[in-house]
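**Student:** Take a look at the following structure, please.
Numbering (the numbering used here), first residue to last: 355 to 444.
Written as structure tokens, this is what we have:
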């Protein structure tokens with residue numbers, strides 16, 4: 355994942371996927387990615403990101419993130435860049 359560091363000013367992880375997704379929705383975070391989450395970790399936050407105009411998918415750009423537990427969220431530009439990087443590893 356060192357490739358992500360090359361394209362970012364820093365990486366933060368609050369510890370709550372729901373809060374991280376809300377921070378992404380309001381623009382405090384540019385993007386969010388995580389793996390191994392449960393549906394209840396992602397459901398509310400992913401809806402908030404979507405309602406704010408962001409994109410939420412799995413690491414391959416599919417909408418099956420609730421089933422896979424692999425989630426990427428962000429605005430269109432950040433989301434696309436994260437997908438391009440993460441899809442190489444998963």
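We put the beta carbon where it would ideally sit given N, CA and C, even for glycine.
So, do the stretch 375-387 and the stretch 431-444 have three or more beta carbon pairs nearer to each other than 8 Å?
**Tutor:** They touch, by the three-pair rule.
**Student:** The alpha helix (DSSP H) spanning residue 405 covers which residue range?
**Tutor:** It spans 393-405 - the alpha helix (DSSP H) in which residue 405 sits, taken as one unbroken run.
**Student:** Between the C-alpha atoms of residue 423 and residue 431, what's the straight-line distance to the nearest angstrom?
**Tutor:** Computed Cα separation, rounded: 22 Å.
**Student:** I need the straight-line Cα distance from residue 398 to residue 392, nearest angstrom please.
**Tutor:** Each residue's alpha carbon lies about 12 Å from the other.
**Student:** In the DSSP output, what is residue 409 paired with across the bridge?
**Tutor:** The partner list for residue 409 (beta bridge, DSSP) reads 428.
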